[in-house]
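*Asks:* Quick note on the numbering used here: the sequence shown kicks off at 124 and runs consecutively.
The beta-carbon is built from N, C-alpha and C at its ideal position, and this holds for glycine as well.
A quick note: this is a predicted structure, and the numbers were derived from the prediction, not measured.
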Amino acid sequence: MLPFIILLAGCQSITVLDPKSSTGKEQAYLIWFSLAIMAIVLLVVFILFTRFVIRYRYTEKKSEFIPQDIKGNLKYELTWTIIPFILLAVLAVPTLKITFDQSPKTEAETNTNGIHINVTAEQFRWTFEHKNSKTVHNELIIPENKDITFHLSSKDVIHSFWIPELAGKVDVIPNKELIYVIKNAEIGEYDGKCAEFCGIQHANMTFDVKVVSMEKYNQYLKQSSNQENED
124 MLPFIILLAG CQSITVLDPK SSTGKEQAYL IWFSLAIMAI VLLVVFILFT
174 RFVIRYRYTE KKSEFIPQDI KGNLKYELTW TIIPFILLAV LAVPTLKITF
224 DQSPKTEAET NTNGIHINVT AEQFRWTFEH KNSKTVHNEL IIPENKDITF
274 HLSSKDVIHS FWIPELAGKV DVIPNKELIY VIKNAEIGEY DGKCAEFCGI
324 QHANMTFDVK VVSMEKYNQY LKQSSNQENE D
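1. For the structure I just gave you, are there three or more beta carbon pairs, one from the stretch 136–153 and one from the stretch 298–316, closer than 8 Å?
2. For N261, tell me which candidate among A244, L275, T272 has the shortest Cα-Cα distance.
3. Among I170, P266, P190, W249, which residue has its Cα nearest to the Cα of C321?
4. Mapping DSSP to helix, strand and coil, what is V280?
5. Go to K143, then tell me how far its beta strand (DSSP E) extends in each direction, as first and last residue.
6. Let me know if E200 comes out buried or exposed under the rule of 16 or more other beta-carbons within 10 Å of its beta-carbon.
7. Just the Cα atoms here: how many angstroms apart are S226 and A215?
8. Between the stretch 270–284 and the stretch 312–319, can you find at least three pairs of beta-carbon atoms closer than 8 Å?
9. With H, G and I counted as helix, E and B as strand and the rest as coil, what does DSSP make of P287?
10. Following the continuous beta strand (DSSP E) through I305, name the residue where it begins and the one where it ends.
11. With respect to the beta strand (DSSP E) encompassing E312, which residues constitute its N-terminal and C-terminal limits?
12. Looking at the unbroken beta strand (DSSP E) that takes in A244, where does it start and where does it end?
13. Distance, Cα to Cα, V176 vs I189?
14. Nearest-angstrom Cα distance between T229 and L210?
15. Where does I271 fall in DSSP's three states?
16. Return the residue from the list M337, D314, V335 that minimises the CA-CA distance to T329.
17. Tell me F251's beta-bridge partners as DSSP assigns them.
18. Indicate whether T173 and E288 have their beta-carbon atoms separated by less than 7 Å.
19. Using 10 angstroms around the beta-carbon of F208, count the other beta-carbons present and answer buried if the total reaches 16, otherwise exposed.
20. Would you call the CB atoms of K220 and L344 closer than 7 Å?
21. May I ask you to list the residues that DSSP assigns as paired with T329?
22. Could you pull out every residue in the same chain whose Cβ sits closer than 7 Å to the Cβ of Q346, ignoring the five residues on either side in sequence?
Right, here's the structure in full:
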């Protein structure tokens, strides 16, 4: 048990189940909902398994018992066929809806309103370009309670854009722009990273995320800290 607990210590910064945005909360809901259904199924199976083990265990009294030859039971067969179908249907509806709503879109499908940020991935850094051409490496600052539209592209290999507390990971593909929206982020500081192995320095391809008030975000955009030529 102790080695397992120590192993989990390395997961402290991956706080997917403590989301700080509407997008992340929808994804966390799917995780908890799936786990709840799984727990119910496991509980029922465990109870039945325990009952059968106890009731039909071998005893001296049953040493001469010859089981009845049963060809089938239509009621039971329908039950264990229909119930899993219903559970899968219940799980499928929110899964399909949320997955479709949060899937990366193309440029043609994206609303031009709101806050747009160009995100360029390359070995081994992230570049964020805001609407006023302010360009920063490995630091993302966004306003709270807004729809933030990210235009994701890669200069070299496939990367994966991931801010665990705000949203799920999205592949960033060379020669293709994908659009991903994070909604209603809460004020705070978060960790972002590349979630797709992309080379020898993959582990160091991280970025800092700060969610601030709209006033502070506008002030940030006015600062002259363009880093386009920074290594």
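*Replies:* Here's the rundown:
1. yes
2. A244
3. W249
4. coil
5. Where K143 is concerned, there is no enclosing beta strand (DSSP E), given that its DSSP letter is neither H nor E.
6. exposed
7. Distance between the alpha carbons of S226 and A215: 16 Å.
8. Three or more beta-carbon pairs separated by less than 8 Å link the stretch 312–319 to the stretch 270–284, which places the two stretches in contact.
9. coil
10. 301–306
11. 311–317
12. 238–245
13. 17 Å
14. 33 Å
15. strand
16. D314
17. V242, V259
18. With a cutoff of 7 Å on beta-carbon distance, T173 and E288 are scored as not near each other.
19. exposed
20. When the beta-carbon positions are compared, K220 and L344 stay at least 7 Å from each other.
21. K316
22. none
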